[in-house]
Amino acid sequence: MFSDLSGYTAMNEKLDPEDVEGIMGRIKAEAVKIVDEHGGIVNQFVGDEVLALFGIPTAHKDDPRRAVRAALELHKLARRISAEVEEKIGRPLRLHTGINTGLIVTNLRDTRDGTFGITGDTVNIGARLKVLADDDQILISQETQRLIASFFETEALSAKELKGGAEGQGAARHSVPCDR
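Residue numbering for the sequence shown follows this note's numbering, beginning at 3 and increasing consecutively.
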């Protein structure tokens with residue numbers, strides 16, 4: 003699960019750096035708590051992006067559902083914190099998220115770069131879905147949608163080829179509606 007914060011640049015342009023650090027500290031602490039509560043781990047933060055893993059180091063049959071539930075809570079968190087700063091920065095804070103399900107190659111590494119080193123097409127597609135997601139949107143892959151279909155309402159979106167993907171790979175996208 004990749005979640006990125008929209009509005010981060012506006013915060014940096016309009017707020018004191020200590021205020022931005024305080025807001026980001028709150029978001030990161032809450033993100034870790036939310037992901038942990040759903041059985042995942044925050045592998046790393048890169049600027050204003052959260053990379054969370056579900057199924058590592060222990061896999062669960064419902065890891066895709068756990069990831070979607072965590073993403074929904076993270077989006078609520080961003081909207082809640084946005085209410086405190088929106089007027090000051092002139093725009094809302096919103097997350098945009100990409101979730102993909104599949105096999106990855108992983109190994110333990112230096113924690114300064116994230117707890118686990120992860121590679122594979124599953125990772126690439128998840129990152130690309132995040133880039134395609136609009137503000138306050140959670141995009142999921144076809145495989146993730148298949149695994150969560152009986153638990154979440156999703157909306158099929160027009161197929162859009164993911165940059166760098168093999169033919170047909172990751173073309174099907176679904177959106178999970180975020181509560182407003």
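Here a beta-carbon is modelled for each residue, glycine too, at the ideal position from N, C-alpha and C.
How long is the line joining the alpha carbons of residue i and residue j, rounded to whole angstroms?
i           : j           : result
residue 147 : residue 131 : 13 Å
residue 26  : residue 90  : 16 Å
residue 143 : residue 150 : 11 Å
residue 81  : residue 65  : 24 Å
residue 73  : residue 12  : 23 Å
residue 45  : residue 28  : 17 Å
residue 83  : residue 16  : 16 Å
residue 134 : residue 18  : 30 Å
residue 85  : residue 93  : 10 Å
residue 4   : residue 51  : 7 Å
residue 177 : residue 138 : 10 Å
residue 96  : residue 79  : 9 Å
residue 39  : residue 160 : 33 Å
residue 180 : residue 100 : 13 Å
Considering only the alpha carbon of each residue, which of the options lies closest to residue i?
i           : options         : result
residue 136 : 104, 77, 20     : 77
residue 8   : 98, 110, 46     : 98
residue 106 : 123, 46, 72     : 123
residue 129 : 87, 92, 93, 55  : 55
residue 154 : 32, 22, 71, 63  : 71
residue 36  : 75, 61, 10, 118 : 75
I'd like to check one pair, residue j with residue i: are the Cβ atoms closer than 8 Å?
i           : j           : result
residue 42  : residue 67  : no
residue 120 : residue 103 : no
Ranges of the beta strand (DSSP E) found wholly within the stretch 46-105, counting only runs of at least 3:
With a minimum length of 3 residues, the continuous beta strand (DSSP E) runs that stay inside the stretch 46-105 are 51-56, 96-101.
For the stretch 14-38, which segments carrying the beta strand (DSSP E) assignment without a break, of at least 3 residues, lie completely within its bounds, in sequence order?
none
Please give me, in chain order, every unbroken run of the beta strand (DSSP E) with length at least 3 that falls completely inside the stretch 110-162.
118-121, 139-143, 157-159
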